[in-house]
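Everything below concerns the one structure shown next.
There are 2 protein chains.
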Amino acid sequence: METTESIDLQRASQILKLLGDKTRLTMMKLLESHDCCVCEFVAIFKMSQPAISQHLRKLRDLGLVKEERRGQWIFYSINQEHEDYPLISSVLHHLPDQGSSIEELEAQGLRICCE
Amino acid sequence: METTESIDLQRASQILKLLGDKTRLTMMKLLESHDCCVCEFVAIFKMSQPAISQHLRKLRDLGLVKEERRGQWIFYSINQEHEDYPLISSVLHHLPDQGSSIEELEAQGLRICCE
DNA sequence: TGCGTATATAAGCATATAATTATATGATGC
DNA sequence: GCATCATATAATTATATGCTTATATACGCA
Chain A
0 METTESIDLQ RASQILKLLG DKTRLTMMKL LESHDCCVCE FVAIFKMSQP AISQHLRKLR
60 DLGLVKEERR GQWIFYSINQ EHEDYPLISS VLHHLPDQGS SIEELEAQGL RICCE
Chain B
0 METTESIDLQ RASQILKLLG DKTRLTMMKL LESHDCCVCE FVAIFKMSQP AISQHLRKLR
60 DLGLVKEERR GQWIFYSINQ EHEDYPLISS VLHHLPDQGS SIEELEAQGL RICCE
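Set out below in structure tokens:
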């Protein structure tokens with residue numbers, strides 16, 4: 000039964016590959032502080048909506064984030080029930096807070112809050 | 000000077016991308032327990048020597064591992080002086096021990112020890 | 001019902017990645 | 001110096017990734 004361990008490493012590397020993209024990593028760090036809707040990400044990353052949507056899909060496909068519709072918008076949040084949440088969380092804790100990117104948007108009046 | 004933070008995330012995502020490959024992640028986990036020479040990796044991963052060498056180069060290029068020649072062989076070890084070693088180390092601590100892959104080789108008489 | 005907004009999906013394309021094979025370099029021992 | 005072993009590099013190829021544009025879906029409201 001050595002497959003158990005290899006599956007774990009397999010899964011861990013998949014997760015790390017997802018986090019090994021600056022956009023997705025920043026998304027996760029932002030989600031650590033508050034739930035975000037897609038349009039907030041679009042504003043923050045100055046990236047096309049489909050590009051954002053596709054990154055979110057990858058995160059969702061591996062269960063790193065959950066989606067929840069609130070009226071007109073779909074909010075994303077970190078899935079703390081993920082089997083490997085301890086790994087994910089500890090990675091995020093090593094990253095600098097992303098407050099500044101939000102503040103920048105506030106300053107420019109571009110901060111979007113969909114609720 | 001908000002560039003500092005974005006450089007950090009940039010660097011973190013580069014590191015995570017490197018770790019987001021099963022072969023390299025396993026290499027790092029193995030190196031956590033003991034220094035390895037290239038031929039040991041070749042035996043463990045049942046992969047061509049150039050393939051191993053290229054993975055090691057990527058890890059070396061970002062400073063995650065150090066190389067050291069010992070006689071005929073080149074041994075790799077984890078670079079604990081890496082600026083982001085705390086991140087790297089905490090990722091590795093979440094992974095299952097790789098003792099079994101070594102034991103398997105021992106059992107088959109394939110374990111290579113170059114010293 | 002029909003329109004506008006928010007989001008997702010599909011198709012296409014350019015670039016990145018990881019493997020292979022072939023070749024080069026560098027140390028050891030005769 | 002030459003042969004051999006250990007490792008690195010180069011060139012090539014197949015596949016994966018991330019973006020773009022175009023289109024589909026789903027909700028909210030008049």
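So the sequences go chain by chain: A and B. 83 is the number that numbering that gives the first Met the number 0 gives to position 84 of the first sequence; each next residue is one higher, with no gaps. 71 is the number that numbering that gives the first Met the number 0 gives to position 72 of the second sequence; each next residue is one higher, with no gaps. Using N, Cα and C, we set each Cβ at its ideal position, and we do this for glycine too. Small disclaimer: the values here were computed from a predicted structure and weren't measured.
Handout entry: Residues near Q9/A by beta carbon distance below 7 Å, same chain, minus five either side
Key = The residue given as residue 9/A occupies position 10 in the first sequence. The same chain holds no residue with a CB closer than 7 Å to that of Q9/A once the five nearest residues on each side in sequence are set aside.
Practice task
Could you name the residues that DSSP lists as bridge partners for V64/B?
Solution key: Numbered from its first residue, the second sequence carries residue 64/B at position 65. BP columns for V64/B point to I77/B.
Practice task
Go ahead and label T2/A buried or exposed: buried means 16 or more other beta carbons lie within 10 angstroms of its beta carbon, across all protein chains shown.
Solution key: Here residue 2/A refers to the residue found at position 3 of the first sequence. With a pLDDT of 43 at T2/A, under the threshold of 50, the predicted position of this residue should be treated as unreliable, though the coordinate-derived value follows. Here T2/A is exposed: its Cβ has fewer than 16 other Cβ atoms, across all protein chains shown, within 10 Å.
Exercise for the section: With 7 Å as the threshold, decide whether the Cβ of Q9/B is near any Cβ in chain A. Expected result: For the purposes of this step, residue 9/B is taken as the residue at position 10 of the second sequence. Interface residue, yes.
Handout entry: Spatially closest choice to W72/A from C35/A, D20/A, R23/A, Q13/A, by CA coordinates
Key = Translated into the one-based positions of the first sequence, residue 72/A becomes position 73. Taking W72/A as reference, the option from C35/A, D20/A, R23/A, Q13/A with the minimal CA-CA separation is C35/A.
Problem - Where D20/A meets chain B, residues with beta-carbon distance less than 8 Å - result: Here residue 20/A corresponds to residue number 21 of the first sequence, with the count starting at 1. D20/A reaches chain B at S12, K16, counting residues in chain order whose Cβ is nearer than 8 Å.
Practice task
Say whether chain A places a C-beta atom closer than 7 Å to the C-beta of Q53/B.
Solution key: The residue labelled residue 53/B in the question sits at position 54 within the second sequence. It does not: the Cβ of Q53/B has no partner Cβ on chain A nearer than 7 Å.
Handout entry: Beta-carbon separation (whole angstroms), H93/A vs S89/B, contact threshold 8 Å
Key = Sequence index remark: in the first sequence, residue 93/A carries index 94 (1-based). Sequence index remark: in the second sequence, residue 89/B carries index 90 (1-based). Confirmed, about 7 Å.
Practice task
Spell out whether any CB of chain A is found under 7 Å from the CB atom of S32/B.
Solution key: The residue given as residue 32/B occupies position 33 in the second sequence. No, its Cβ sits nowhere closer than 7 Å to a Cβ of chain A.
Handout entry: Closer than 8 Å at the beta carbon, the chain B residues around I24/A
Key = The residue you call residue 24/A lines up with position 25 of the first sequence. For the record, residue 24/A in the displayed sequence is Leu; it is not Ile. Ordered by position in chain B, the residues that pass the 8 Å Cβ test against L24/A are L8, A11, S12, L15.
Problem - Neighbour list for V64/A in chain B, Cβ cutoff strictly below 8 Å - result: The count along the first sequence starts at 1 and reaches residue 64/A at position 65. What V64/A touches in chain B: nothing, since even the nearest Cβ is about 16 Å away.
Problem - Rounded C-alpha distance that separates L58/A from I14/B - result: By 1-based counting over the first sequence, the position of residue 58/A is 59. By 1-based counting over the second sequence, the position of residue 14/B is 15. Straight-line Cα distance between these residues: approximately 18 Å.
Problem - Residues bridged to R69/A (per DSSP) - result: Against the first sequence, residue 69/A aligns to sequence position 70. Residue pairing by DSSP places R69/A opposite W72/A in a beta bridge.
Exercise for the section: For S5/B, name the three-state secondary structure that DSSP assigns. Expected result: The residue given as residue 5/B occupies position 6 in the second sequence. Unreliable placement is indicated for S5/B, whose pLDDT of 47 sits below 50; no coordinate value is reported for it.
Exercise for the section: Starting from C113/B, follow its DSSP beta bridges and name the residues at the other end. Expected result: Residue numbering aside, residue 113/B sits at position 114 when the second sequence is read from its first letter. C113/B pairs with nothing; no bridge assigned.
Handout entry: Straight-line gap, I43/B to H54/B (C-alpha atoms, nearest Å)
Key = Residue 43/B sits at position 44 when you count from the first residue of the second sequence. Residue 54/B sits at position 55 when you count from the first residue of the second sequence. Looking at the two C-alpha atoms, the distance is approximately 14 Å.
Problem - S88/A at chain B interface by Cβ criterion, 7 Å - result: For the purposes of this step, residue 88/A is identified with residue 89 of the first sequence, where counting begins at 1. Not an interface residue.
Handout entry: C-beta atoms of S76/B and K65/B nearer than 7 Å
Key = Position 77 of the second sequence, counted from the start, is the residue given in the question as residue 76/B. Position 66 of the second sequence, counted from the start, is the residue given in the question as residue 65/B. With contacts defined as CB atoms closer than 7 Å, S76/B and K65/B qualify as a contacting pair.
Exercise for the section: Note down, in chain order, every chain A residue with its Cβ under 7 Å from the Cβ of P85/B. Expected result: As a working mapping, residue 85/B is identified with position 86 in the second sequence. Within chain A, the residues near P85/B are H93.
Handout entry: Continuous alpha helix (DSSP H) stretch holding L30/B: start and end
Key = By 1-based counting over the second sequence, the position of residue 30/B is 31. Where L30/B is concerned, the enclosing alpha helix (DSSP H) starts and stops at 21-32.
Exercise for the section: Grab me the residues of L61/A's own chain with a C-beta within less than 7 Å of its C-beta, minus the 5 sequence neighbours each way, in chain order. Expected result: Reading the first sequence from its first residue, position 62 is the one you call residue 61/A. So the qualifying residues of the chain are Q13, I14, L17.
Exercise for the section: Would you mind sorting Q79/B into buried or exposed? The rule is 16 or more other CB atoms within 10 Å of its CB. Expected result: Looking up residue 79/B in the second sequence gives position 80. An exposed status is given to Q79/B, since fewer than 16 other beta-carbon atoms sit within 10 Å of its beta-carbon.
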